Structures are given as structure tokens and as C-alpha cells.
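Engineer:
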Amino acid sequence: MERWVNRVAVVTGASSGIGAACCKDLVAKGMIVVGLARRQERMDAFKMSLPVVQQVRFHALRCDVSNEEDIHNAFEWVEKELGGVDVLINNAGIFRSTEIVAENNTADLRATVNVNILGVAFCTREAFQSMKKRGVDGHVVIINSVAGHRVPHAPGFRFNIYPPTKYAVTAMTEVLRQEFLLYETKIKITSISPGAVDTEIIPDDFKSKLVMLRSEDISDAVVYCLQTPPTVQIHEMTIQPIGQMMA
């Protein structure tokens, strides 16, 4: 991770779970980290929990990744105050317990698509423009899901439009890889697809039925991918807990 010391990482969905774990690890590795999330107070509390010497390297910005203007303003702040972004961790994602065919669920469907697909696209666009403009061989990481490769079978659990959004992210990862090459950059892109992770996205009443990964397990994978040599790109990584049944 030496080449990333004092470089800037932006982490979306930074107020809890995988996002907070990534922020903690990247700050500890010497990076300057900007956490983006809607819950500013959670990120402020997280900052105060860091060792004093690390607190100065963590910045919390309120940002709703379903709002394009919020995203633009956040990356503009990073450009102005920190010089630009070198690493982007697209972690923000939501799950709404409904059915695609259920009545009166338009708001839930739109919110899931806006965060899980468009939020990733908009954040990646802003990060790529920053990297390309400065000639930075940066890295974009997308926290995907095994649900982006196969629709899990879990009786009693309503996946609704969540798997389709993750399938879209899987396709987007390959499209972005091709586009990064089209612009003759050496910017890397990696999709990390975990199985069930013990985060707020899984309803509490369903957690007892699952074997789950920890948020720290996924952050470890992010660090592993970032520290690969400049000539190596991990395009897709799948992580499942020992004991989880395959879909």
C-alpha cells in the first residue's frame, strides 16, 4: 500500500458497515479518506473514534448518492481542498423489502435503482474525470454482490429489484473497464461480490437464518486489490462465508 500513502480515497456509504470498515483500514494504511454518506453525525462519531493522529486524514461530507448535485458538490470539494481523487470505493447501496409487482412501491423501486446503479455511475464518472485530468493511474472499486451474478433462493426473503441492480453493476464494471482503456488510461476497476454480510442492509429478523461475513472481511479484500502491482488488475472477486449454501 506504500504507493497510496497520502493519496486520496473517496468512500461512499461511509457511515456504517463495509463503508466505515474501509474508511478505518484506508486511514490506518496512510491514505487521506473522504467519507460520503447521508448520516453526517455517524461519520463525525466515527472520526472521533479514530486515533488522534489519524483523525486529520479523515473528512466526512454529507452526500446522498441518489442526488447527482450532491455527488458533483462532493467531488468538487475534494478537487478544491485535496487536489482530486485517486481511489474510489463505490460502496453505497440500499435494499427495500418489497416485490416488483407489489402495489404502490414506485418510490422503493426508484430509490434502489438511483442508489445502486446511477449513484455508482455518477460517482465513477466524477472520479474518472479527476484521475484522467491529472494523469493518475487510480483505482475504482465497486462493492457488488453475489446477487449480481445469480439470483439467490431464500424462502421468505423478497429480493425485489435488488438483484437486477447488481446485475447492472456487473455489466457496468466491464463497460467501465473498456471505457478506461478507450481513453488510454491505466486506471483499474474491480468488482467485489460478497455473499451475505452482517450489515444494516439485511433485516434483523432474517440474520439468524444466514451465515454471514463481517464488514472487515470485505475491507480486507478492498485493501488486497488496491495493493496489487500496477500491472495487475483483479476484475472480479467473489467472497462467501464458510458454510453458506450456494444459490
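Here numbering that gives the first Met the number 0 is used: position 48 in the sequence shown is 47, and no number is missing along the way. Idealized CB from N, CA, C, for every residue including glycine. As the structure is a prediction and not an experimental result, all values here were calculated from the model.
What are the start and end residues of the beta strand (DSSP E) that includes residue 34?
Structural biologist: Walking along the sequence shown from the start, residue 34 turns up at place 35. Segment 31-36, the beta strand (DSSP E) holding residue 34.
Engineer: For residue 15, write down the residues that DSSP places opposite it in a beta bridge.
Structural biologist: On the sequence shown, position 16 is the one that residue 15 refers to. None, per the DSSP bridge assignment.
Engineer: Should residue 136 go down as buried or exposed, given a rule of 16 or more other Cβ atoms within 10 Å for buried?
Structural biologist: In the sequence shown, residue 136 corresponds to position 137, counting from 1. By the 10 Å Cβ count, residue 136 comes out exposed.
Engineer: How would you call residue 125, buried or exposed, if buried means at least 16 neighbouring beta carbons within 10 angstroms?
Structural biologist: Residue 125 sits at position 126 when you count from the first residue of the sequence shown. Buried, because 16 or more other Cβ atoms sit within 10 Å of the Cβ of residue 125.
Engineer: With C-beta atoms as the reference, is residue 140 less than 8 Å away from residue 189?
Structural biologist: On the sequence shown, position 141 is the one that residue 140 refers to. On the sequence shown, position 190 is the one that residue 189 refers to. Cβ atoms of residue 140 and residue 189: closer than 8 Å.
Engineer: Alpha carbon to alpha carbon, how far is residue 61 from residue 164? Give it in angstroms, no decimals.
Structural biologist: Translated into positions along the sequence shown, residue 164 becomes position 165. Translated into positions along the sequence shown, residue 61 becomes position 62. Near 24 Å, if we compare the C-alpha coordinates of residue 61 and residue 164.
Engineer: From this set, 40, 166, 19, 29, which residue's C-alpha is nearest residue 91's C-alpha?
Structural biologist: Walking along the sequence shown from the start, residue 91 turns up at place 92. Nearest neighbour of residue 91 by Cα position, chosen from 40, 166, 19, 29, turns out to be 19.
Engineer: In its own chain, which residues sit with a C-beta less than 8 Å from the C-beta of residue 65, not counting the 5 before and 5 after it?
Structural biologist: Position 66 of the sequence shown, counted from the start, is the residue given in the question as residue 65. Closer than 8 Å at Cβ, skipping near neighbours: 110, 113, 114, 117, 118.
Engineer: Around the C-beta of residue 198, are 16 or more other C-beta atoms found within 10 angstroms, so that it is buried, or is it exposed?
Structural biologist: Residue mapping note: residue 198 aligns to position 199 of the sequence shown, counting from 1. Residue 198 comes out buried.
Engineer: Quick one: what does DSSP say residue 59 is sitting in, helix, strand or coil?
Structural biologist: The residue given as residue 59 occupies position 60 in the sequence shown. Strand, per DSSP.
Engineer: Within its chain, find whatever has a CB closer than 7 Å to the CB of residue 50; leave out the 5 residues flanking it on each side and keep chain order.
Structural biologist: One-based indexing of the sequence shown puts residue 50 at position 51. So no residue of the chain qualifies.
Engineer: May I have the straight-line CA-CA distance separating residue 138 from residue 99, to the nearest angstrom?
Structural biologist: Taking the first residue of the sequence shown as 1, we reach residue 138 at position 139. Taking the first residue of the sequence shown as 1, we reach residue 99 at position 100. Rounded to whole angstroms, residue 138 to residue 99 spans 34 Å at the Cα level.
Engineer: If you follow the beta strand (DSSP E) that residue 235 is in, where does it begin and where does it stop?
Structural biologist: Along the sequence shown, read from residue 1 onward, the residue named residue 235 stands at position 236. 235-238 is the span of the beta strand (DSSP E), which, as asked, contains residue 235.
Engineer: Report yes if the C-beta distance between residue 71 and residue 33 is below 8 Å; otherwise report no.
Structural biologist: As a position in the sequence shown, residue 71 is number 72, starting the count at 1. As a position in the sequence shown, residue 33 is number 34, starting the count at 1. Not a contact, by the Cβ cut-off of 8 Å.
Engineer: Between the C-alpha atoms of residue 239 and residue 213, what's the straight-line distance to the nearest angstrom?
Structural biologist: For this step, residue 239 is matched to residue 240 along the sequence shown. For this step, residue 213 is matched to residue 214 along the sequence shown. When rounded, the distance between both Cα atoms is 11 Å.
Engineer: I'd like the list of long-range same chain contacts for residue 218, defined as Cβ closer than 6 Å, with 5 residues on each side in sequence excluded.
Structural biologist: Numbered from 1 along the sequence shown, position 219 holds the residue referred to as residue 218. Hits under 6 Å: 20, 21, 24.
Engineer: Does residue 159 come out as helix, strand or coil in the three-state DSSP assignment?
Structural biologist: Here residue 159 refers to the residue found at position 160 of the sequence shown. The three-state reading of DSSP puts residue 159 in coil, since its state is none of H, G, I, E or B.
Engineer: Count the other C-beta atoms from every protein chain shown that fall within 10 angstroms of the C-beta of residue 43, then say buried if there are 16 or more, exposed otherwise.
Structural biologist: Numbered from its first residue, the sequence shown carries residue 43 at position 44. Per the 10 Å Cβ criterion, exposed.
Engineer: On a Cα-Cα basis, can you pick out the residue from 159, 54, 147, 88 that is closest to residue 94?
Structural biologist: Position 95 of the sequence shown, counted from the start, is the residue given in the question as residue 94. Residue 94 has its Cα closest to that of 159, out of 159, 54, 147, 88.
Engineer: Please classify residue 143 as buried or exposed, where buried requires at least 16 other C-beta atoms within 10 Å of its C-beta.
Structural biologist: On the sequence shown, residue 143 is found 144 positions in, with the first residue counted as 1. With 16 or more other Cβ atoms within 10 Å, it is buried.
Engineer: Identify every residue that forms a DSSP beta bridge with residue 138.
Structural biologist: Mapped onto the sequence shown, residue 138 falls at position 139. DSSP lists 86, 187 as partners of residue 138.
Engineer: Just to confirm the assignment, what range does the alpha helix (DSSP H) spanning residue 133 have?
Structural biologist: Residue mapping note: residue 133 aligns to position 134 of the sequence shown, counting from 1. Per DSSP, residue 133 belongs to the alpha helix (DSSP H) from 118-133.
Engineer: With a threshold of 6 Å on Cβ separation, who are the neighbours of residue 4 within its own chain once the five nearest residues in sequence on each side are excluded?
Structural biologist: Here the question's residue 4 lines up with position 5 in the sequence shown. So the list reads 29, once near-sequence residues are dropped.
Engineer: My output table needs one value for residue 49: the three-state DSSP class, helix, strand or coil.
Structural biologist: The sequence position of residue 49 within the sequence shown is 50, counting from 1. DSSP places residue 49 in coil when its eight states are reduced to three.
Engineer: Could you check which residue in 192, 7, 210 has the C-alpha nearest to that of residue 76?
Structural biologist: In the sequence shown, the residue the question calls residue 76 occupies position 77. The candidate whose alpha carbon is nearest that of residue 76 is 7.
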